[in-house]
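In the working numbering, the protein residues as written are 21 to 476. By construction, the Cβ of each residue, glycine as well, lies at the ideal position given by its N, Cα and C atoms. Source: prediction; values computed, not measured. One structure is given below, encoded as structure tokens.
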Ligand code: NAD
């Protein structure tokens, strides 16, 4: 018998019931449930009210400090010029410099970038990192660009926003569609253009760099490692044992594939995976390493069912069958807002550990609450990436490099402490885990504003 059938899920103590906060009107946010930014801020305001966060701080946090939008031309391989649109949103820097990834994706829009920047503020505060929140991106399809085009897009984008970022002011990092190579081009361009010219210190402007130019060991797997660290801390109280646990993963990119591979090392069995190319299932357990190699080679999980050797036994399934696969844990690790009401009804899992940012809509969340499915929220679960980014920044600042074991141990300490902070808030305020994580984050930001005051 699997752990899924043996054990009982902890029922969320209080289902999330939110009325529209007057703060949303005060800062001019639309009365539109489908607006991602309004949704994201509403959850924070609900937590802020429970915590008793001063109204002026709620108002400040409800909008980003700066929204930068740029257009820049790039020469394509065929000699034509194309105009690209880029964003950098700086949400809050009350407790440290703005920090957050750069996304290259065709669906990058201002509201999404604002939401992701906002989530970074919350994530850093919950993890007690001395950073605020930011996010940026370029509206483009990196898969359709040659390496040369990708490099020119990155360098021109860096040039367009270089006045607004800096090693102690706003520090980007990789996100969907960007990687260590993109960070290397960004850092190189920034260094060449900045007042810090010829100073290695300018390279601190981004984290997630290749190790050869100051990147940290352990950064690539950090978010997946953090997902597993949080689950090891919190799942035992739901009755789930990691050894033998059945789990499924939505998205098999950086976060999804590392989460799966690390869970597999702890004896968990990957039942099903879905990405933008299709969905596969193997109730005996998918080979996580072989699947990672397949995705690397073919760009997605599709076709793995035809792979020979250890891949044999996997079957192709539909989207609905993927969600309905019976598991102990589901890790959404693809894009935002993929779990709506319908998917939340389909899901046959005891616990959701959000690897992606904002993967669950409020309607999906309500279904999970009604069904007693515990959700470990993204601002806790996926904070491993920014935590190791912080370690990279600290190593660069102090001219040292940590070994992989030091990084892993420090990451584990941060993740466990963030999980315990969330659990303590959940017990103190008798609320669901998402609200608890926001409360624990807001406590930190609230203290920052209390001592700094609001200028003038
Ligand atoms: P990635 O680009 O490496 O992977 C994204 C995955 O999502 C891919 O497997 C892709 O196939 C899948 N996907 C895209 N569209 C899909 C669709 N319509 N249906 C099913 N699958 C789809 O990105 P990543 O770095 O793994 O990031 C994933 C999520 O985690 C994002 O929300 C990102 O913001 C968040 N996140 C990433 C990090 C990090 O360190 N990489 C840190 C924190 C949060």
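Those residues which DSSP pairs with residue i across a bridge
i, result
"residue 193", "121"
"residue 107", "89, 157"
"residue 395", "372"
"residue 359", "380"
"residue 292", "268, 301"
"residue 351", "269"
Whole-number beta carbon distance between residue j and residue i, since they are thought to touch under 8 Å
i, j, result
"residue 268", "residue 371", "The pair is not a contact, with the Cβ atoms about 12 Å apart (cut-off 8 Å)."
"residue 133", "residue 82", "16 Å between Cβ atoms; not a contact."
"residue 301", "residue 258", "So it is not a contact: roughly 23 Å between Cβ atoms."
"residue 320", "residue 345", "Contact doesn't hold; Cβ gap of about 18 Å is too wide."
"residue 231", "residue 207", "Not confirmed; about 13 Å, so no contact."
"residue 436", "residue 375", "That belief does not hold up - the Cβ atoms of residue 436 and residue 375 are roughly 18 Å apart, past 8 Å."
"residue 192", "residue 120", "7 Å"
"residue 487", "residue 181", "The requested residue 487 is not part of the displayed model; the chain covers only 21 to 476."
"residue 340", "residue 366", "6 Å"
"residue 469", "residue 70", "Their Cβ separation, rounded to whole angstroms, is 17 Å, which puts residue 469 and residue 70 out of contact at 8 Å."
"residue 403", "residue 147", "5 Å"
"residue 145", "residue 465", "5 Å"
"residue 67", "residue 78", "No, residue 67 and residue 78 are not in contact; Cβ-Cβ is about 10 Å, not under 8 Å."
"residue 287", "residue 263", "4 Å"
Beta-carbon spacing of residue i, residue j below 8 Å
i, j, result
"residue 405", "residue 284", "no"
"residue 277", "residue 247", "no"
"residue 48", "residue 112", "no"
"residue 238", "residue 416", "no"
"residue 184", "residue 228", "no"
"residue 54", "residue 378", "no"
"residue 154", "residue 90", "no"
"residue 364", "residue 342", "no"
"residue 333", "residue 360", "no"
"residue 408", "residue 431", "yes"
"residue 65", "residue 356", "no"
"residue 63", "residue 454", "yes"
"residue 351", "residue 292", "no"
"residue 157", "residue 106", "yes"
"residue 20", "residue 139", "Summary: the structure shown does not reach residue 20, with the chain confined to residues 21 through 476, and so no result is reported for it."
"residue 358", "residue 252", "no"
"residue 400", "residue 250", "yes"
Alpha-carbon to alpha-carbon, residue j and residue i
i, j, result
"residue 354", "residue 123", "13 Å"
"residue 212", "residue 410", "23 Å"
"residue 117", "residue 80", "16 Å"
"residue 45", "residue 58", "10 Å"
"residue 265", "residue 280", "12 Å"
"residue 474", "residue 261", "47 Å"
"residue 322", "residue 272", "11 Å"
"residue 426", "residue 290", "28 Å"
"residue 40", "residue 362", "24 Å"
"residue 31", "residue 175", "Only weak support exists for where residue 31 lies, its pLDDT of 43 falling under 50; the coordinates are left without a value."
"residue 256", "residue 444", "16 Å"
"residue 471", "residue 143", "21 Å"
"residue 93", "residue 412", "32 Å"
"residue 141", "residue 299", "33 Å"
"residue 178", "residue 210", "7 Å"
"residue 310", "residue 295", "16 Å"
"residue 254", "residue 439", "7 Å"
"residue 476", "residue 103", "41 Å"
"residue 149", "residue 327", "43 Å"
"residue 434", "residue 383", "31 Å"
"residue 386", "residue 76", "29 Å"
"residue 418", "residue 220", "12 Å"
"residue 214", "residue 86", "21 Å"
"residue 34", "residue 442", "Its pLDDT being 45, under 50, residue 34 is placed unreliably in this model, and the coordinates cannot settle the point."
"residue 456", "residue 95", "48 Å"
Task: Given 8 Å, three or more beta-carbon pairs between the region 95 to 103 and the region 124 to 136 - done: no
Task: Contact between the region 162 to 182 and the region 454 to 468 (3+ Cβ pairs under 8 Å) - done: no
Task: Sufficient close CB pairs (3 or more, under 8 Å) joining the region 361 to 377 to the region 386 to 399 - done: yes
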